[in-house]
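Peer 1:
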Amino acid sequence: MGNVSVNLNSEMGDFVVLRKDGLPSYQIASLCDDAAMRVNYIVRGEDLLPSTAAQLFLAKHLSFDLFSKSTFLHHPLMKDQSGNKMAKSNGSFSISDMRKRKLSKTEILSFIKNLFENTINDSSQSPFFSTLVLEEIFDC
Numbered sequence: 018m019g020n021v022s023v024n025l026n027s028e029m030g031d032f033v034v035l036r037k038d039g040l041p042s043y044q045i046a047s048l049c050d051d052a053a054m055r056v057n058y059i060v061r062g063e064d065l066l067p068s069t070a071a072q073l074f075l076a077k078h079l080s081f082d083l084f085s086k087s088t089f090l091h092h093p094l095m096k097d098q099s100g101n102k103m104a105k106s107n108g109s110f111s112i113s114d115m116r117k118r119k120l121s122k123t124e125i126l127s128f129i130k131n132l133f134e135n136t137i138n139d140s141s142q143s144p145f146f147s148t149l150v151l152e153e154i155f156d157c
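Right, dumping it as structure tokens:
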């Protein structure tokens, strides 16, 4: 993806920092947690790019300097064969679900490879396609 510029005003407008139930929003909770834990490398889905911009804005104004200097990686979202984002709310299932269904290690790894191929344009260039790497990442 490279360096990305986000127009926070057009992407999120006046974003929520305190929910109706009185709890902090994702932007504040995640920012404070990452700052308290001194996290400096953050990996998220590309759908959270506007949230990252909001958190960087807040970090600047709250003097959370370490967070402001963090490295962010926003990866493409995993998509199903129809091109829809994989999520539990969309009926997607997890590796735990696959294990409960008694899928073999080979079937699970094949499923994961197919997801990557549907998500990344040039999958041949991705180091994630090594079976050994997939086994380690997904513990299967």
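FYI, the numbering used here numbers position 114 of the sequence shown as 131, with every residue one higher than the one before it. For every residue, glycine included, the Cβ atom is placed at its ideal position computed from N, Cα and C. These numbers were taken from a predicted model, which means no experiment stands behind them.
Below 7 Å CB to CB, which residues in the same chain sit around Y58 once its five sequence neighbours on both sides are set aside?
Peer 2: If we look at Y58 and ignore the five residues flanking it on each side, its Cβ neighbours are S87 and T88.
Peer 1: Can we say the stretch 78-85 touches the stretch 93-102, given the rule of at least three CB pairs closer than 8 Å?
Peer 2: Short answer: they don't touch.
Peer 1: Residues in the same chain with beta-carbon distance under 7 Å from L73, minus the five sequence neighbours each way, listed in chain order, please.
Peer 2: S85, listed in sequence order.
Peer 1: Sort M54, S68, K37 and V56 by Cα distance to V23 and report the nearest one.
Peer 2: Closest by alpha carbon: S68.
Peer 1: Looking only at its own chain, which residues have a Cβ that is under 6 Å from the Cβ of L90, when we skip the five neighbours before and after it?
Peer 2: Within the same chain, L90 has close Cβ partners V60.
Peer 1: Helix, strand or coil for R116? Go by DSSP, reduced to three states.
Peer 2: Residue state, collapsed to three classes: helix.
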